[in-house]
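Contents: one structure, followed by commentary.
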Amino acid sequence: MVGAGHEEHVAKGIGFGIITVSDTRIPDTDESGSIIKSAIIAKGYTVARHAIVKDDVKEISSELRRQLGDGKIDAVILTGGTGITHRDVTPEAVMPILEKEMPGFGEMFRSLSAEEIGARAALSRAFAGVAGSKVIFCLPGSMGAVALAMDRIILEVVGHALWEARR
1 MVGAGHEEHV AKGIGFGIIT VSDTRIPDTD ESGSIIKSAI IAKGYTVARH
51 AIVKDDVKEI SSELRRQLGD GKIDAVILTG GTGITHRDVT PEAVMPILEK
101 EMPGFGEMFR SLSAEEIGAR AALSRAFAGV AGSKVIFCLP GSMGAVALAM
151 DRIILEVVGH ALWEARR
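The numbers in the working numbering rise by one with no breaks, and the one at position 17 of the sequence shown is 17.
Here it is in structure tokens:
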């Protein structure tokens, strides 16, 4: 639901890219990627590309740049690698590509997560931003976190975020 007065300021026909960041997932075991894909399709949007990459800064940034260069992709959602272990490098790979951050996304995500998992939500480094006229969302790898972000934030704001990014 877009806020009052902004209903007409929403991008339509959004194409998504999905990047699952994991050293262990393959297409058959990528549950979080599947949740993202199903939520996108249920909303009437399209998934133009879905890739799985290792927890490696170069692999993540290379795939993200590939998706950002795809004319069929308006928004990219990454899942995995946003924690605090030594292998969690998604923020380090994505932040240099962003032109603008959307700090409200991470703040809202952690607030909603805290309602479900308590203070452990503070350990998440989930974030979002803009690169060119495209929006990027970086989520934890857990299925619960992905479902929460898709249902309560991303699918509610992506249309307006894209409209704003394209202005």
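Ideal placement from N, C-alpha and C gives every residue a C-beta, glycine not left out. All of these numbers come straight from a predicted model, not from anything done at the bench.
Within the same chain, show all residues whose beta-carbon is closer than 7 angstroms to that of residue i, passing over the 5 residues directly before and after it, in chain order.
i	result
I40	F16 and V47
I153	F105, M108 and F109
At the level of alpha carbons, what is the spacing between residue i and residue j?
i	j	result
I136	V157	12 angstroms
A114	S124	10 angstroms
I60	V53	6 angstroms
R167	A75	16 angstroms
I14	E63	19 angstroms
S24	D55	Sequence inspection shows Thr at residue 24; the Ser mentioned does not correspond to that position. Their Cα atoms are separated by approximately 9 angstroms.
L155	P27	23 angstroms
D70	M150	22 angstroms
K100	V94	11 angstroms
Between residue i and residue j, how many whole angstroms is the CB-CB distance? I'm expecting something under 8 angstroms.
i	j	result
T90	G106	The pair is not a contact, with the Cβ atoms about 13 angstroms apart (cut-off 8 angstroms).
T20	S32	7 angstroms
L68	K12	Contact doesn't hold; Cβ gap of about 20 angstroms is too wide.
Please work out which residues of its chain come closer than 8 angstroms, Cβ to Cβ, to residue i, disregarding the five sequence neighbours upstream and downstream, and give them in chain order.
i	result
H9	V2, H160, W163 and E164
I84	L123 and R125
A147	I35 and A39
R65	I97
Going by other Cβ atoms of all chains shown within 10 Å of its Cβ, with 16 needed for buried, is residue i buried or exposed?
i	result
A168	Absent from the structure is residue 168, since the part of the chain shown begins at 1 and ends at 167.
K58	exposed
D30	buried
Can you list, in chain order, the residues of its chain with a C-beta nearer than 6 angstroms to that of residue i? Leave out the 5 residues immediately preceding and following it.
i	result
K72	G15 and A48
For a minimum of 3 consecutive residues, which ranges assigned as the beta strand (DSSP E) are wholly contained in the stretch 124 to 159? Here the runs fully enclosed are 127 to 131 and 134 to 139.
Pick out the complete beta strand (DSSP E) segments inside the stretch 35 to 68, 3 residues or longer, and give them in chain order. Residue ranges of uninterrupted beta strand (DSSP E) with 3 or more members, entirely inside the stretch 35 to 68 and ordered along the chain, are 46 to 53.
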